[in-house]
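Accompanying notes for the structure given below.
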Amino acid sequence: MFTLEQIKEAHGKVKSGADFPAYIQDLKKLGVSHYETFVIDGHINYYGANDYKITSPAKYDTLVLAKTSDKEKFKLDLRAHQSGKTDYPTFCNDAAKSGVEKWAVVMDKMTCSYFDLSGNKILVEEIPQ
Numbered sequence: 000m001f002t003l004e005q006i007k008e009a010h011g012k013v014k015s016g017a018d019f020p021a022y023i024q025d026l027k028k029l030g031v032s033h034y035e036t037f038v039i040d041g042h043i044n045y046y047g048a049n050d051y052k053i054t055s056p057a058k059y060d061t062l063v064l065a066k067t068s069d070k071e072k073f074k075l076d077l078r079a080h081q082s083g084k085t086d087y088p089t090f091c092n093d094a095a096k097s098g099v100e101k102w103a104v105v106m107d108k109m110t111c112s113y114f115d116l117s118g119n120k121i122l123v124e125e126i127p128q
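Numbering (numbering that gives the first Met the number 0), first residue to last: 0 to 128.
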């Protein structure tokens, strides 16, 4: 199964949101079936076959998440990030301000779903292949 070190190596190639599709392909090759990134501190749960799960440590200090989501603001911030206009820390701060609790990437569906604090999907995107 995959390790956090292998994931870290794949993630090291990511410089902006524009690099995200290639990163997902690298994770698929490692055997990651899906993962969840938590905006509050950046920790990630990675899942593989046979109930395999590893969790990365927090990546940054705890952020305050808005209690209500702002889907339209988040969509604007996401587009800016995907076009390379913001770095990852900025994107995470923007997501927190828009009330995004986490995002979940499912490899076989090639989707990335963003959730609010109530567990509601606020946006689902198809990941380019």
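All C-beta atoms, glycine included, are put in the ideal place defined by N, C-alpha and C.
Straight-line gap, residue i to residue j (C-alpha atoms, nearest Å)
i: Thr36; j: Ser68; result: 17 Å
i: Ser32; j: Phe114; result: 19 Å
i: Tyr22; j: Lys66; result: 30 Å
i: Leu77; j: Asp107; result: 22 Å
i: Tyr51; j: Asn119; result: 25 Å
i: Val13; j: Tyr87; result: 9 Å
Residues near residue i by beta carbon distance below 7 Å, same chain, minus five either side
i: Gln5; result: Leu29
i: Lys70; result: Ile121, Leu122
i: Ile53; result: Leu3, Tyr45
For residue j and residue i, believed in contact at Cβ under 8 Å, the rounded distance
i: Ser112; j: Trp102; result: 6 Å
i: Ala95; j: Leu62; result: 4 Å
From the options, residue whose alpha carbon lies closest to that of residue i
i: Asp60; options: Tyr22, Val38, Phe114, Lys52; result: Val38
i: Pro56; options: Tyr34, Asp50, Tyr46, Asp40; result: Asp40
i: Leu3; options: Val105, Tyr45, Asp86; result: Tyr45
i: Phe1; options: Val13, Pro88, Lys58, Ala48; result: Ala48
Neighbourhood of residue i by C-beta distance below 8 Å, restricted to the same chain and skipping five residues each side
i: Gln128; result: Pro20, Gln24, Met109
i: Phe73; result: Asp93, Ala94, Ser97, Gly98, Val99, Tyr113, Ile121, Leu122
i: Tyr34; result: Leu26, Ile43, Asn44, Tyr45, Tyr46, Ala103, Val104
i: Leu64; result: Val38, Ile39, Ala95, Gly98, Val99, Glu100, Leu116
i: Ile126; result: Phe19, Pro20, Ile23, Val104, Met109, Thr110, Cys111
Bridge-paired residues (DSSP) for residue i
i: His33; result: Tyr46, Val105
i: Phe19; result: According to DSSP, Phe19 bridges with nothing at all.
i: Asp115; result: Val99
i: Ile53; result: Tyr45
i: Val123; result: Ser112
Residues of its chain near residue i, where Cβ-Cβ distance is below 6 Å and the 5 sequence neighbours each way are ignored
i: Asp93; result: Asp76
i: Lys58; result: Gly41
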